[in-house]
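Here's the structure we're looking at; comments come further down.
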Amino acid sequence: MECRCRPKTCSVPDQKSPLSEGVTRLSVSSLTQDRIVNVDALRGFALLGILLVNIMAFSSAFYGAEIPDPAFSSPVDQGARFLIACLFETKFYLLFSFLFGYSFTLQMQSAEKAGKSFLPRLLRRQAGLWIIGIVHAVLLFHGDILTTYAVLGVVLLMLRNQDEARILKLAKWLVIGTALLWIIMALLAASEPPSGNPDAIRANADAVALAYRSSPATVIGQHIEELSTIWMVIGLIQAPCALAMFLLGLAAGKRQVFLRFDDYKWLFRRLLAGGIAIGLPGAIFYGWCSVYLIGSIWDMAGLAVGILTAPFLTGAYIAGAMFLFQSVNGKSLSGLLAPVGRMALSNYLLQSAICATLFYAYGFGLIGMTAPMTGIFIALGIFGVQLILSTWWMSRFQYGPLEWLLRFVTIAARPRWRKQRP
1 MECRCRPKTC
11 SVPDQKSPLS
21 EGVTRLSVSS
31 LTQDRIVNVD
41 ALRGFALLGI
51 LLVNIMAFSS
61 AFYGAEIPDP
71 AFSSPVDQGA
81 RFLIACLFET
91 KFYLLFSFLF
101 GYSFTLQMQS
111 AEKAGKSFLP
121 RLLRRQAGLW
131 IIGIVHAVLL
141 FHGDILTTYA
151 VLGVVLLMLR
161 NQDEARILKL
171 AKWLVIGTAL
181 LWIIMALLAA
191 SEPPSGNPDA
201 IRANADAVAL
211 AYRSSPATVI
221 GQHIEELSTI
231 WMVIGLIQAP
241 CALAMFLLGL
251 AAGKRQVFLR
261 FDDYKWLFRR
271 LLAGGIAIGL
281 PGAIFYGWCS
291 VYLIGSIWDM
301 AGLAVGILTA
311 PFLTGAYIAG
321 AMFLFQSVNG
331 KSLSGLLAPV
341 GRMALSNYLL
351 QSAICATLFY
361 AYGFGLIGMT
371 APMTGIFIAL
381 GIFGVQLILS
391 TWWMSRFQYG
401 PLEWLLRFVT
411 IAARPRWRKQ
421 RP
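Listed below in structure tokens is the structure:
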């Protein structure tokens with residue numbers, strides 16, 4: 001994904017009074033805290049984008065199939081799918097991946113500050129994350145990304161001491177290599193007769209929807225059945241790009257680009273320009289091919305272009321959000337999103353739990369019965385509830401529930417649960 005001030009303070013020529021020094025320290029501390037809040041807010045923003053994409057998979061068994069959902073094929077339905085594909089798909093998991101890499105440097109600093117070895121802590125954390133991911137994938141959502149993050153986090157651990165130039169080069173070639181793979185696959189598909197049978201695809205999607213509507217046991221069985229296919233797709237598309245964003249986040253974290261925002265405004269401006277010039281046209285092409293040319297060779301070509309250009313648009317999202325958060329009105333938005341981001345793991349699983357209750361046999365079994373635009377409004381409603389719940393929770397507790405559990409595993413000690421009242 002992408003990258004991210006030292007404030008310049010006035011000084012009296014000859015000497016500082018204790019009072020002026022105290023005020024300066026307070027202002028620096030306040031500014032640093034604001035920019036930590038902005039990182040949490042970015043994470044909350046990423047969760048919104050991830051939810052908007054995931055709810056499309058929860059609500060329709062035709063998501064990812066080679067034909068559109070015949071029950072919802074009106075211009076409005078297709079337009080809603082295009083909106084999600086263009087602006088959200090392949091972009092927001094990259095944003096989350098970038099922030100994972102950025103936070104990796106903070107964990108390194110935390111271990112150093114505590115005088116603890118970083119390696120055992122990180123390995124315990126990744127093992128805990130993998131277990132949570134497996135439970136999530138089997139019970140709630142087969143499209144889980146946590147298991148992938150758990151494995152890639154170990155890879156990042158092995159690469160953490162590489163110099164910046166090598167890290168950036170590896171990130172670049174991971175994205176380019178993945179895009180080239182799909183370009184080759186599109187060219188190979190163009191030389192072959194069409195292999196997809198619409199009737200067979202429709203029958204399979206109907207069978208999947210029935211499994212998700214029947215009982216909790218059939219939901220779990222369907223998830224287990226799909227895991228091998230899902231992991232293969234993740235390995236061919238998401239994992240290399242996620243690792244690339246991990247690496248970019250690692251480089252950005254070492255430079256503290258969020259905390260030193262003023263020093264890196266030039267970079268954020270370039271990210272914004274690159275997103276508009278490269279990322280947005282690529283996103284439009286990807287969205288058009290994946291929605292209006294679904295199942296054709298253009299669908300695969302669009303995916304290749306999307307993989308190649310999505311990091312640019314993700315970078316623009318990061319830059320745009322950071323500039324917004326620096327504004328007077330943007331600070332309020334940052335403060336609203338930050339609690340969601342501070343308990344991102346808990347909120348990610350809560351989103352899946354709510355969607356599984358709405359669309360699967362755990363609750364209402366609405367899969368296949370909800371139009372894409374309705375799904376968008378449901379996602380916005382869920383996120384609105386999370387804004388309120390997260391603000392309430394984080395005003396009382398140090399961590400989200402799963403964040404507390406993961407920290408317990410990471411540090412091998414019981415963290416403080418409730419906030420200390422002054």
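So in full-length UniProt numbering, spot 217 of the sequence shown is number 217, and the numbers just go up one at a time. Cβ atoms here follow ideal geometry from the backbone N, Cα and C, with glycine treated the same way.
| Asked | Found |
| --- | --- |
| Below 8 Å, can you find three or more Cβ-Cβ pairs linking the region 110-121 to the region 264-280? | no |
| My understanding is that A186 touches M108, with C-beta atoms under 8 Å, so please give their C-beta distance in whole angstroms. | Actually they do not touch by this definition, with Cβ atoms about 40 Å apart. |
| Applying the 10 Å Cβ sphere with the 16-neighbour rule, what's the burial state of Q386? | buried |
| For S110 and L159, I'd like the C-alpha separation in whole angstroms. | 19 Å |
| What did DSSP end up calling R125 once you bin it into helix, strand or coil? | helix |
| Please confirm whether F98 and G249 have their CB atoms less than 7 Å apart. | yes |
| Residues in the same chain with beta-carbon distance under 6 Å from D144, minus the five sequence neighbours each way, listed in chain order, please. | G133, H136, A137 |
| DSSP on R43, reduced to helix/strand/coil? | helix |
| Rounded to whole angstroms, what's the CA-CA distance from A57 to A150? Just pull it up for me. | 22 Å |
| What would DSSP say about R342, mapped onto helix, strand or coil? | helix |
| In whole angstroms, what separates the C-alpha of A205 from that of E226? | 12 Å |
| Inspect the CB distances between the region 316-326 and the region 221-235 and report whether three or more fall short of 8 Å. | no |
| Between L47 and G253, how many whole angstroms is the CB-CB distance? I'm expecting something under 8 Å. | With 8 Å as the limit, L47 and G253 do not qualify as a contact, their Cβ atoms being about 20 Å apart. |
| Jot down the residue ranges of each uninterrupted alpha helix (DSSP H) in the region 56-102, minimum 4 residues, whole runs only, in chain order. | 75-87 |
| Contact defined as beta carbons within less than 8 Å: I believe G375 pairs with S73. What is the distance between those atoms, to the nearest angstrom? | Actually they do not touch by this definition, with Cβ atoms about 15 Å apart. |
| Just checking: is the beta-carbon of I376 within a distance shorter than 7 Å of some beta-carbon in chain B? | Here chain B cannot be found, since the structure has a single protein chain. |
| Look at residue 428 and S327 and say whether their C-beta atoms are less than 7 Å apart. | Only positions 1 to 422 of the chain appear in this structure, which leaves residue 428 out of reach. |
| Assuming V291 contacts F62 under a Cβ cut-off of 8 Å, what Cβ separation, rounded to an integer in Å, is found between them? | Not quite, the Cβ-Cβ distance comes to about 12 Å (not below 8 Å), so this is no contact. |
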